[in-house]
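Read in order, the letters of the sequence shown are residues 1 to 276 in the working numbering.
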Amino acid sequence: MEIRHSVHPSDAKNYDTAQLRKHFLIEKLFEAGQVHMVYTHEDRMIVGGAQPVKEALQIEAPDALRTEYFLERREIGFVNIAGDAVVTADGERYELQKLDTLYVGRGVRSLTLESKDPSVPAKLYFCSALAHATYPTRKVPIQEANTQYLGSQLTSNERELNQVIHEGGINSCQLMMGITVLKPGSVWNTMPSHVHDRRMEAYLYFDLNEDARVFHMMGQPEETRHLVVANEQAILSPPWSIHSGVGTSNYTFIWSMAGENYTFKDMDLVPPAALK
């Protein structure tokens with residue numbers, strides 16, 4: 001498990017491209033037969049990816065957690081982004097099709113991940129946050145998410161925002177997750193932008209062609225920067241940073257949040273005229 005420390009906004013102003021990518025971009029999450037994790041000190045979220053093929057994979061506690069098992073003091077959300085998956089939590093099997101979400105609460109000791117058909121392997125993206133309360137394991141297909149239809153073709157940001165793990169959906173301690181799908185011809189996400197100083201956020205960009213890219217906007221509103229992101233790469237967005245993006249084509253992304261407040265609308269909007 002890779003560990004990333006928090007970055008002060010005054011320091012980030014001085015980073016070159018290589019330093020920005022080192023601190024905020026996760027370039028490789030999915031590798032056949034492997035589990036990859038990144039632990040960020042921004043609200044102590046763990047961002048990970050698993051690609052089971054022929055063999056089942058286990059989510060185990062890395063030494064850095066100093067716990068007996070992964071969910072001893074944590075909760076976790078999985079979203080499947082590829083072939084059909086099977087997640088087994090303490091002996092209970094859950095089948096996940098593409099874009100289905102599974103929440104697993106604190107105290108579950110065993111997590112096993114499999115591909116239903118090894119010739120079409122699953123890719124399971126997951127985010128885990130600290131938890132001080134226990135909530136039941138629950139699966140939600142994408143069709144049962146709380147869907148909001150936002151934007152328009154005129155502003156190149158027509159999209160579906162699917163809230164899944166949140167106060168009106170799957171209950172959790174502090175983790176929130178959802179999936180935003182941009183319509184063909186739309187390329188902008190989260191514009192006008194915002195910050196939320198009370199929680200961090202992680203983005204996974206996917207369903208991009210190999211030669212397509214997303215220009216992810218970050219930084220303080222008066223000191224913006226950008227990262228060029230390829231398919232199935234993730235962003236760690238600290239609480240002080242905006243998080244918007246524009247692609248060379250449409251795409252899908254998973255957003256995950258953890259921190260102080262558990263209210264989706266707790267954000268401070270930044271109009272485009274205030275960005276520099």
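All C-beta atoms in this analysis are idealised placements derived from N, C-alpha and C, irrespective of residue type, glycine included.
| query | result |
| --- | --- |
| Where DSSP assigns a beta bridge to I242, which residues make up the other side? | Answer is none; I242 lacks a bridge partner. |
| Where does S10 land, buried or exposed, given buried means 16+ other C-beta within 10 angstroms? | exposed |
| Could you pull the DSSP bridge partners for S128 from this structure? | I46 and I76 |
| DSSP three-state label for M215, please. | What sits at residue 215 in the sequence shown is Phe, not Met. Here F215 sits in strand by DSSP. |
| Under 8 Å by Cβ, that's how I've got G247 and V187 pegged, so tell me the actual separation to the nearest angstrom. | 5 Å |
| Counting only the same chain and skipping the five closest in sequence on each side, list residues whose C-beta sits under 6 Å from that of L57. | V35, A50 and L113 |
| Who are F253's beta bridge partners in DSSP? | T180 and Y205 |
| Checking 8 Å against the spacing of the C-beta atoms, do S193 and M177 come in under that value? | no |
| Skipping 5 residues on each side, what residues in its chain have a beta carbon closer than 8 Å to that of R225? | A12, Y15, L20, M217, M218 and G219 |
| Mind checking which residues open and close the beta strand (DSSP E) that includes D268? | D268 to V270 |
| Decide if A234 is buried, meaning its Cβ has at least 16 other Cβ atoms within 10 Å, or exposed. | buried |
| Judging by CA-CA distance, which residue of I254, P221, V87 and R4 is the nearest neighbour of E160? | I254 |
| Give a yes or no on contact between the segment 137-151 and the segment 160-174, applying the rule of three or more CB pairs nearer than 8 Å. | yes |
| To which residues of the same chain is T40 closer than 6 Å at the C-beta, ignoring the five residues directly before and after it? | R4 and L236 |
| Is H196 helix, strand or coil by DSSP? | coil |
| Should N80 go down as buried or exposed, given a rule of 16 or more other Cβ atoms within 10 Å for buried? | buried |
| In this structure, how does DSSP classify E144 when only helix, strand and coil are distinguished? | helix |
| With contact counted as at least three CB pairs below 8 Å, one residue from each stretch, are the segment 143-158 and the segment 117-135 in contact? | no |
| Assuming the contact rule is C-beta atoms closer than 8 Å, L175 and E60 should be a hit. Round their C-beta distance to whole Å, please. | About 19 Å; that fails the 8 Å criterion. |
| Along the chain, where does the alpha helix (DSSP H) that runs through T224 open and close? | T224 -> not in any alpha helix (DSSP H); beta strand (DSSP E) instead, spanning E223 to V229. |
| By Cβ distance, which residues of its chain are closer than 8 Å to R213, with the 5 residues on each side in sequence left out? | V228, V229, A230, G247 and T248 |
| Starting from S10, trace the beta strand (DSSP E) in both directions and tell me its first and last residue. | Looking at the DSSP string, S10 is not in any beta strand (DSSP E); the run it does join, the alpha helix (DSSP H), is P9 to A12. |
| Tell me where the beta strand (DSSP E) around T137 begins and ends. | Segment: none, T137 is in no beta strand (DSSP E) and carries neither H nor E. |
| Let me know the secondary structure DSSP gives A85 once reduced to three states. | strand |
| Less than 8 Å between the C-beta atoms of V120 and G83, yes or no? | yes |
| Tell me R93's beta-bridge partners as DSSP assigns them. | T88 |
| Looking at C-alpha atoms only, which residue of P221, V104 and K28 is the closest neighbour of I165? | V104 |
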